[in-house]
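Asker:
There are 2 protein chains.
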Amino acid sequence: MIETLAWINAPCSLPNAAAAEAARQRQNQLTKPYGSLGRLEEMAIALAGMQNTATPSPDPIQVLQFLSDHGAVAEDISAFPQIVTLQMLRNMSNGGAPVTVMARALNVRIEITNVGTVSDAGELPNVRNERLGDGTGNIAREPAMNERQLIDGLNLGRAAVERALATGAKLLICGEMGIGSTTSATALACALLGESAESLVGPGTGLNATGVARKTRVIDAALALHAAPNTPPLELLRRLAGFDIVATVGAFLTAAQHGLPIIVDGFIMSSAALAAVQLQPQVREWMLFATASAEPGHQRMMTALNAKPYLNFGLRLGEATGALAVVPLLRLACELHQHTATFAEAGVSQE
Amino acid sequence: MIETLAWINAPCSLPNAAAAEAARQRQNQLTKPYGSLGRLEEMAIALAGMQNTATPSPDPIQVLQFLSDHGAVAEDISAFPQIVTLQMLRNMSNGGAPVTVMARALNVRIEITNVGTVSDAGELPNVRNERLGDGTGNIAREPAMNERQLIDGLNLGRAAVERALATGAKLLICGEMGIGSTTSATALACALLGESAESLVGPGTGLNATGVARKTRVIDAALALHAAPNTPPLELLRRLAGFDIVATVGAFLTAAQHGLPIIVDGFIMSSAALAAVQLQPQVREWMLFATASAEPGHQRMMTALNAKPYLNFGLRLGEATGALAVVPLLRLACELHQHTATFAEAGVSQE
């Protein structure tokens, strides 16, 4: 398998430390107390390093939205029926889903891809149909996918980023939607981190305590079946992930190889981030983290990624909505960086 | 004094509970798990109640930016020299200050008013000259202002809000700038809350530990001189506040009386919020809180106001920058509220 995915091991870029340092020095010359814009300063400095420029800007932004079904729903681990994945695909196609509303309001490009709903929705406006299968396998009993699907999924994410780069994208956001996705993401994250299900599991879209207990048993069963110590990350992806997560891992790796900054959305995208960073640690250098998910296990993932998300808004929808909420703050950070007068320009005395 | 300020006791409006409840019900019909957009849902529900509408929107937004000097700088309590207040007034006039950069980027109206720098800058473009005096008195030794200045300051804030309302403003942001302002704000907040200086004091724009210790002594001296138990809030304002804070209190009271929602900025504007709420508790119903300030005493004020700020970005600039950072999130919240499809509209199954 490794041979057909040689691109995965191609070296990642690194942000330009000199550009970041120049941005830091500029921030300290702007007419405000040193550091007083906190994370708005951090954002501009980080983007300046990633984009190797004195005038960082998040735009144009590309959102890649991957939808797929997760076989573990057979174990009754979601508050919603599986048909909702397909219904939400149609809702996104029509622009009525939260992610499409936000992308429109923010003037951000979005590409919606069906990477594997259980049944085929046929052709839908604004949707790419690249189904890798009729949903993943039930991870409590079988691997999520075969090697072909894993490879195709990673390549699919890679190709999507290459399309985005070809049209000038300067920042990447990935999102997902699919009933059962937190079960896949939790199982994958537990395996990557060597944690038990209990330490990361949560209510997802709204399970009650009984449901969470059932979900915990399902994930523990999946871990017992698939996650023996020292199983390589790619193999854990094949056995436990969703098609959405696999496509995202391919997208994140490709972004890091091309020096394209990433805003990582919430819980599920963070599991993809963990996998990508285990495959190549330098991928981490290209990631900004959007939100502290309401899903309780998210903090453990953020700690493992040494990440401090910008927002703590109790978000638990996924669909890239957390990452999109950060977009206007990044834009403001860049406007402030570029247009605030320096002490010298404004004739303002320093400390 | 009270007679000439009878308007302060005019009753406040209350948000429309039925409109807020209708917004909450709509949120629960939108195609996402119940509550999964967290504080973005809260924002839309709160604004719907305040604006008594099914289609809340923050726009048009009016920023009132008040600049003034604080006499306590004579006690060496700031990292910056006093002349910076006037220099920053010119910087705002020219559009080079952070608040003006943000207002422009966000397409938000801003009115900049000199409410009392120590020296007169004369006429400046985009600046109203309404100086109440040559800065406030040194609160460690004398009252900040006389009764006439207090009354004029409150009326000045009232008139500014009335102008904003006349031009259709639907949301109010107040900001301030002035060297020494955290000393005034801390002293006022300590007096209003019955706290010692030590429990609320912080580095402001960047004092070192020695500076913070000196600032603490100055505030304790001001409290000993001015803040005997049971001193009424208006008298505490006169003795301890800055002209910027007094104008803001007038603005907040007027906004609440007219049912105009307010985004409260950081540390200094929170001291004005505390004073306004002590004058009329219902003012609180019109307030959204923007940011957890990096200034350590801010949390104590937020607790007293039963407030949970939206952002925790390490901001400590003031100038309304925290409140402005929240504006695009409020806009997104309202876009999501209005344009996300309902389960029925999209044919999506519910839990």
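Protein chains in written order, with the numbering used here: chain A, 1 to 351; chain B, 1001 to 1351. Each residue gets a CB set at the ideal place from its N, CA and C atoms; glycine is no exception.
For B:Arg-1217, decide whether its Cβ has a neighbour in chain A, counting only Cβ atoms nearer than 7 angstroms.
Answerer: No, because no Cβ of chain A sits closer than 7 angstroms to the Cβ of B:Arg-1217.
Asker: In whole angstroms, give me the CA-to-CA distance for A:Phe-313 and B:Thr-1004.
Answerer: Whole-angstrom Cα-Cα distance: 44 angstroms.
Asker: Buried or exposed: where does A:Ser-261 fall if 16 or more other Cβ atoms within 10 Å of its Cβ makes it buried?
Answerer: For clarity, residue 261 of chain A is Pro in the given sequence; the question names Ser instead. Buried, by the Cβ-count rule.
Asker: Residues of chain B with a CB under 7 angstroms from the CB of A:Val-101: which are they?
Answerer: Neighbours of A:Val-101 on chain B, chain order: Glu-1335, Leu-1336, His-1339 and Thr-1340.
Asker: In chain B, which residues lie less than 8 angstroms from A:Thr-205 when you measure between Cβ atoms?
Answerer: Per Cβ cutoff of 8 angstroms: Pro-1033, Ser-1036 and Glu-1351.
Asker: Cβ of A:Asn-91 less than 7 angstroms from any chain B Cβ?
Answerer: For A:Asn-91, the answer is yes, since a Cβ of chain B falls inside 7 angstroms of its Cβ.
Asker: For the beta strand (DSSP E) that contains B:Ser-1293, what are its first and last residues?
Answerer: Here B:Ser-1293 belongs to no beta strand (DSSP E), and DSSP marks it neither H nor E.
Asker: Could you pull out every unbroken alpha helix (DSSP H) segment of at least 4 residues lying fully inside the stretch 281-328 of chain A, listed in chain order?
Answerer: Within the stretch 281-328 of chain A, the complete alpha helix (DSSP H) runs of at least 4 residues are 298-304.
Asker: How many angstroms separate the CA atom of A:Ala-307 from the CA atom of B:Ala-1121?
Answerer: Computed Cα separation, rounded: 46 angstroms.
Asker: Taking DSSP's pairing of strands, which residues face B:Gly-1116 in a bridge?
Answerer: Its beta-bridge partners are B:Ser-1068.
Asker: Which residue's Cα is closest to the Cα of A:Arg-214: A:Gly-180, A:Arg-39 and A:Leu-317?
Answerer: It is A:Gly-180.
Asker: Would you mind sorting B:Thr-1210 into buried or exposed? The rule is 16 or more other CB atoms within 10 Å of its CB.
Answerer: With fewer than 16 other Cβ atoms within 10 Å, it is exposed.
Asker: Going along the chain, which residues of its own chain have a beta-carbon closer than 7 angstroms to the beta-carbon of A:Ala-273, five neighbours each way excluded?
Answerer: Taken in chain order, the residues that qualify are Phe-252, Val-264, Met-287 and Leu-305.
Asker: Tell me, please, which residues DSSP counts as bridged to B:Thr-1342.
Answerer: In the DSSP output, where bridge partners are listed per residue, B:Thr-1342 has B:Leu-1030.
Asker: What's the C-alpha gap between B:Gly-1153 and B:Phe-1343?
Answerer: C-alpha separation (whole angstroms): 51 angstroms.
Asker: Please work out which residues of its chain come closer than 7 angstroms, Cβ to Cβ, to A:Arg-238, disregarding the five sequence neighbours upstream and downstream, and give them in chain order.
Answerer: So the list reads Pro-143, Ala-144, Met-145, Glu-147 and Leu-150, once near-sequence residues are dropped.
Asker: From what residue to what residue does the alpha helix (DSSP H) around B:Cys-1190 run?
Answerer: Note, B:Cys-1190: alpha helix (DSSP H), 1181-1193.
Asker: Can you tell me where the beta strand (DSSP E) holding B:Glu-1176 begins and where it ends?
Answerer: From DSSP, the beta strand (DSSP E) with B:Glu-1176 extends over 1171-1177.
Asker: In this structure, how does DSSP classify B:Glu-1111 when only helix, strand and coil are distinguished?
Answerer: Of the three classes helix, strand and coil, the one that applies to B:Glu-1111 here is strand, per DSSP.
Asker: What's the call for B:Ala-968, buried or exposed, on a 16-neighbour Cβ count within 10 Å?
Answerer: The structure shown does not extend to residue 968 of chain B, since chain B is modelled only from 1001 through 1351, so no value can be given for it.
Asker: Can you say whether A:Asp-194 is buried or exposed, counting buried as having 16 or more other CB atoms within 10 angstroms of its CB?
Answerer: Sequence inspection shows Gly at residue 194 of chain A; the Asp mentioned does not correspond to that position. With fewer than 16 other Cβ atoms within 10 Å, it is exposed.
Asker: Count the C-beta pairs between the stretch 106-115 of chain A and the stretch 57-75 of chain A that are closer than 8 angstroms, then say yes if the count reaches three, no if not.
Answerer: With the cut-off at 8 angstroms, the stretch 106-115 of chain A and the stretch 57-75 of chain A touch.
Asker: Quick one: list the residues of chain B neighbouring A:Leu-329, beta-carbon separation under 9 angstroms, in chain order.
Answerer: Within chain B, the residues near A:Leu-329 are Leu-1311, Phe-1313, Ala-1325, Pro-1328 and Leu-1329.
Asker: Assign B:Gly-1178 to one of two classes, buried (16 or more other C-beta atoms within 10 Å of its C-beta) or exposed (fewer than that).
Answerer: Classification of B:Gly-1178: buried, given that the 10 Å Cβ count is 16 or more.
Asker: Of the choices A:Ser-36, A:Ala-18 and A:Glu-21, whose alpha-carbon is the least far from that of A:Leu-336?
Answerer: It is A:Ser-36.
Asker: Tell me which same chain residues have a C-beta within less than 6 angstroms of the C-beta of A:Ala-19, skipping the five on either side of it?
Answerer: Closer than 6 angstroms at Cβ, skipping near neighbours: Ala-48, Gly-49 and Asn-52.
Asker: Out of B:Gly-1204, B:Ile-1173, B:Ala-1169 and B:Leu-1171, which one is the CA nearest neighbour of B:Thr-1186?
Answerer: The residue with the shortest Cα to Cα distance from B:Thr-1186 is B:Gly-1204.
Asker: Taking B:Ser-1349 and A:Phe-289 to be in contact with their CB atoms under 8 angstroms, please state how far apart those CB atoms are, rounded to whole angstroms.
Answerer: About 32 angstroms separates the two Cβ atoms, so there is no contact after all.
Asker: Can the beta-carbon of B:Ala-1341 be found closer than 7 angstroms to that of A:Asn-91?
Answerer: Against a cut-off of 7 angstroms, the Cβ pair of A:Asn-91 and B:Ala-1341 comes out as a contact.
Asker: Ignore the nearest five residues each way along the sequence and tell me which others in A:Ala-256's own chain have a CB closer than 8 angstroms to its CB.
Answerer: Excluding residues within five positions, the ones whose Cβ falls inside 8 angstroms are Cys-12, Ser-13, Ile-262, Ala-276, Gln-280, Gln-282, Val-283, Glu-285 and Trp-286.
Asker: Look at the alpha carbon of A:Leu-207 and the alpha carbon of A:Leu-30, and state the distance between them as a whole number of angstroms.
Answerer: Each residue's alpha carbon lies about 49 angstroms from the other.
Asker: Work out the CA separation of A:Gly-38 and B:Val-1099 for me, nearest whole Å.
Answerer: When rounded, the distance between both Cα atoms is 15 angstroms.
Asker: Which word fits A:Met-71, buried or exposed, when buried means at least 16 other C-beta atoms lie within 10 angstroms of its C-beta?
Answerer: It is Gly, not Met, that sits at residue 71 of chain A in the sequence shown. Buried is the call here.
Asker: Tell me where the beta strand (DSSP E) around A:Asn-129 begins and ends.
Answerer: It spans 127-129 - the beta strand (DSSP E) in which A:Asn-129 sits, taken as one unbroken run.
Asker: Mind checking which residues open and close the beta strand (DSSP E) that includes A:Val-99?
Answerer: From DSSP, A:Val-99 is part of no beta strand (DSSP E) but of the alpha helix (DSSP H) over 98-106.
Asker: Using a Cβ cut-off of 7 angstroms, pull out every chain B residue sitting near A:Val-348, in sequence order please.
Answerer: Under the 7 angstroms cutoff, chain B gives Val-1084, Gln-1087, Met-1088 and Asn-1091.
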